[in-house]
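Notes follow the structure.
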Amino acid sequence: MNLASEKSEIIKWVNSLESPAVIEEINKIRNRKSFDFEKEWERGISGEELKKRTKEYLKTLPWKK
Numbered sequence: 002m003n004l005a006s007e008k009s010e011i012i013k014w015v016n017s018l019e020s021p022a023v024i025e026e027i028n029k030i031r032n033r034k035s036f037d038f039e040k041e042w043e044r045g046i047s048g049e050e051l052k053k054r055t056k057e058y059l060k061t062l063p064w065k066k
């Protein structure tokens, strides 16, 4: 399928939608800013930090003895 026919199919599908929740999700995608992988990578945590946080969380759970 070429790009023009795919766009046409998407337009037909969007025009047929009646669910406000689905339309809201489409709007979220449409209004989303571009994704900056490098910036998100800097905000991430290391594997060691993940293990540390997971261990701390597991210790807080009410385990049966």
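Residue numbers (the numbering used here): 2 to 66.
Quick reminder that beta carbons are idealized off the backbone N, C-alpha and C, glycines included.
For clarity, every value in this text was computed on a predicted model and none was experimentally measured.
Cβ contact annotation for I46 (same chain, cutoff 8 Å, sequence separation greater than five): R54, in chain order. Take the alpha-carbon of E25 and the one of T61: they are about 37 Å apart. Annotated three-state conformation of W64 is coil, per DSSP. Look at L18 here: in three-state DSSP terms it is coil, with no helix or strand label.
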